[in-house]
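Protein chains: 2
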Amino acid sequence: MAYFDAGTPGQGAAPRMTGAPICTPSKTSFSEFGGKAVQYDTHAVIYYEGDPAKRLYELVKGSVMLYKLLPDGRRQVVEVLRPGDIFGLAGSDENDCTAETLTNAEIQEIDLKQVERSDALQRTLTRCLTNQMRVLHEHAVLLGRKSAVERVASFLMHLVPDRGGVGCIGPIDDSDDGFDLRLHMTRQEIADYLGLTIETVSRVVSDLKRRGVIRVDRADQIHLNKVCSLCQMTGMH
Amino acid sequence: MAYFDAGTPGQGAAPRMTGAPICTPSKTSFSEFGGKAVQYDTHAVIYYEGDPAKRLYELVKGSVMLYKLLPDGRRQVVEVLRPGDIFGLAGSDENDCTAETLTNAEIQEIDLKQVERSDALQRTLTRCLTNQMRVLHEHAVLLGRKSAVERVASFLMHLVPDRGGVGCIGPIDDSDDGFDLRLHMTRQEIADYLGLTIETVSRVVSDLKRRGVIRVDRADQIHLNKVCSLCQMTGMH
DNA sequence: CGAAACCTTGACTTAGGTCAACAAAAGTGG
DNA sequence: CCACTTTTGTTGACCTAAGTCAAGGTTTCG
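Protein sequence lines correspond, in order, to chains A and B.
Note that UniProt numbering gives residue 108 to position 108 of the first sequence, counting from 1, and the numbers run on in steps of one.
Note that UniProt numbering gives residue 111 to position 111 of the second sequence, counting from 1, and the numbers run on in steps of one.
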């Protein structure tokens, strides 16, 4: 019942539950380049799609999603970012997505003009963008070719460090192989990320529960009973 | 009946039909950095998913697709590249996609070690990657949230320079507003790009034909009768 | 405690997938 | 240049995964 991250739910950082950063934030933090750290609340909009692109952002702590809207209100969450990821580069003078926090977050911000100048920063950018691109490729497979169950299984597996997704290392060994997750997303946000409806996400989660693959402690707090068997449901094995 | 690109079908370059390059290849061509130009035939594999990533590629002429396979054979085409686009950066030591030509193509290749060194190249990379990222974001919306008709309409609109997609400039004016397209993709490739089946793509194309929106001259050669009315079907207006 | 937001479940509908037959191109080799 | 095979595309009949609509149940929070 009690989770490893003792402390106020929805607040205290849960080290075990957040994945290892892909880029190395400490070494490449924008602070060295004149960036400033900004704190955001949960569900705060950092910028809107269509706004003029002024700054480059690096997520230091917490979680951020990028999404796009169609005129009739359909939404697609195109990226869910983790510490170390960068965003705000639009390739034009307007942001192509809306950026909104999923948790309270610490974000390093740096003027785009600064970015132009620094070679070191360009190098970091290339590396980060390449990584995010690979994630987008994999997400395209999910959106274009996977069933609802495979989408949800893949989504959950991505929250397990070093499992699911790109650098999956397979079953760590025998042992019980369980894992606690905090999603930090509502069913609607998950649905909009996975290209499903809220009802379908809910049904798949209930089904995984019924089949004993997961245990749902709170809506956004899920225990994977056997990481391995969930991994088998991602369509990638 | 006769197309503007007089000449052998399937061979002669059709300038009106290829979109304006997003990155500027002439200025940033790898040749300056010690890259070498390589010619590929149609449907040649440049590298396979999982192969060690050795080189960075810049598409100079022709068309290339990147795709990923699931173990059971399902395929998702994750990018369709145009001249000026770069590929081959994997962010790890293995390529995350297979790269295959759609036409015969000229490609500049440069050793990844070279890339590490050059600041100018890094700058180019950042710009190209940012642009490709924006395209991937938009494609995620297509895959996650659009209907079959909207997907096909969006796909066709993307082949019209300056229309559909990111930098759509709306109806150029009155006039007839027609346009000739060469797809350079089979129905299977289109289906795998749009997250549909071959039958659905075929049905949608037939339907657009029946409704007088397009005229199908050959399977991969389509005339848009009224660009504007097709644009209305993309879900973006 | 009560309102609002969020989640779950059931009954029903439908867009797009599957399977199968056939048609039309595009190669191939004599 | 013409049979012949292979590949690619179209269409119809049917099926099903996931969407829609609607009713209730839980959480969360003022």
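Even glycine gets a Cβ: it sits at the ideal position worked out from N, Cα and C.
Handout entry: Close-in-space but distant-in-sequence residues of the same chain around histidine 237 of chain A (CB under 8 Å, 5 per side omitted)
Key = Cys231
Exercise for the section: Could you tell me which of B:His158, B:Val78, B:Arg163, B:Glu199 sits nearest to leucine 183 of chain B, measuring between CA atoms? Expected result: B:His158
Handout entry: 8 Å CB neighbourhood of leucine 156 of chain B in its chain, flanking five on each side removed
Key = Gly164, Leu181, Ile214, Ile222, Leu224, Leu230
Handout entry: Boundaries (first-last residue) of the beta strand (DSSP E) holding aspartate 180 of chain A
Key = 179-182
Exercise for the section: Let me know the beta strand (DSSP E) ranges lying completely inside the segment 61-109 of chain B, each 3 residues or longer, listed in chain order. Expected result: 64-69, 75-81, 98-101
Problem - Proximal residues of chain A, C-beta to C-beta of asparagine 225 of chain B below 8 Å - result: Neighbours of asparagine 225 of chain B on chain A: none; closest Cβ ~24 Å, over 8 Å.
Handout entry: For tyrosine 40 of chain B, the residue or residues it bridges with in DSSP
Key = B:Ala105
Practice task
Can you have a look at glutamine 132 of chain B and say buried or exposed, based on whether 16 or more other CB atoms are within 10 angstroms of its CB?
Solution key: buried
Handout entry: Simplified DSSP state of leucine 159 of chain B, which is helix, strand or coil
Key = coil
Exercise for the section: List the endpoints of the continuous alpha helix (DSSP H) containing tyrosine 48 of chain B. Expected result: Looking at the DSSP string, tyrosine 48 of chain B is not in any alpha helix (DSSP H), and its letter there is neither H nor E.
Handout entry: Whether asparagine 95 of chain A touches aspartate 51 of chain A by CB criterion (8 Å)
Key = yes
Exercise for the section: Report buried or exposed for valine 227 of chain B, applying the criterion of at least 16 other Cβ atoms within 10 angstroms of its Cβ. Expected result: buried
Exercise for the section: Examine the Cβ distances between the segment 104-118 of chain A and the segment 40-56 of chain B and report whether three or more of them are shorter than 8 Å. Expected result: no
Practice task
For aspartate 96 of chain B, go through chain A and note every residue whose CB falls closer than 8 Å to its CB, in chain order.
Solution key: Arg134, His137, Glu138, Val166
Handout entry: Distance between valine 152 of chain A and valine 77 of chain A (C-alpha atoms, nearest Å)
Key = 14 Å
Problem - Beta-carbon contacts of leucine 102 of chain B that lie in its chain and below 8 Å, excluding the five residues immediately before and after - result: Thr42, His43, Gly62, Ser63, Val64, Met65, Val80, His184, Met185, Glu189
Handout entry: Beta-ladder partner(s) of glutamate 58 of chain B, from DSSP
Key = B:Ile86, B:Gln108
Handout entry: Where histidine 237 of chain A meets chain B, residues with beta-carbon distance less than 9 Å
Key = Pro71
Problem - Identity of the residues DSSP links to isoleucine 222 of chain B by a beta bridge - result: B:Leu181, B:Val216
Handout entry: Length of the line joining the Cα atoms of leucine 136 of chain A and leucine 136 of chain B
Key = 7 Å
Practice task
State yes or no: is the beta carbon of alanine 105 of chain B nearer than 8 Å to at least one beta carbon in chain A?
Solution key: no
Exercise for the section: From the DSSP output, in three-state form, read off glycine 235 of chain A for me. Expected result: coil
Practice task
Verify the CB distance criterion: does valine 152 of chain B have a CB-CB separation below 8 Å to chain A?
Solution key: no
Handout entry: Beta-carbon proximity list for threonine 98 of chain B, same chain, < 8 Å, skipping 5 on both sides
Key = Val45, Tyr47, Tyr48, Glu49, Leu66, Tyr67, Lys68, Leu69
Exercise for the section: Determine the contact status of leucine 112 of chain B and alanine 37 of chain B, defining contact as a CB-CB distance below 8 Å. Expected result: no
Problem - Own chain partners of aspartate 207 of chain A with C-beta closer than 8 Å, once the 5 adjacent residues on each side are dropped - result: Val149
Exercise for the section: Please state if the CB of tyrosine 57 of chain A and the CB of glutamate 138 of chain A are separated by a distance shorter than 8 Å. Expected result: no
Practice task
Return yes when the Cβ of serine 154 of chain A is within less than 8 Å of the Cβ of leucine 142 of chain A, no when it is not.
Solution key: yes
Problem - Beta carbon proximity, residue 238 of chain B to chain A, threshold 8 Å - result: Since the first residue of chain B shown is 1 and the last is 237, residue 238 of chain B is not available in this structure.
Exercise for the section: Report the rounded CA-to-CA distance for residue 240 of chain A versus phenylalanine 179 of chain A, giving the unit in angstroms. Expected result: Only positions 1 to 237 of chain A appear in this structure, which leaves residue 240 of chain A out of reach.
Practice task
May I ask you to report which of helix, strand or coil DSSP gives serine 154 of chain A?
Solution key: helix
Exercise for the section: Compare the C-alpha of glutamate 100 of chain B against each of B:Gly84, B:Leu59, B:Gly73, B:Arg123 and name the closest. Expected result: B:Leu59
Practice task
Report yes or no: is there a C-beta of chain A within less than 8 Å of the C-beta of aspartate 93 of chain B?
Solution key: no
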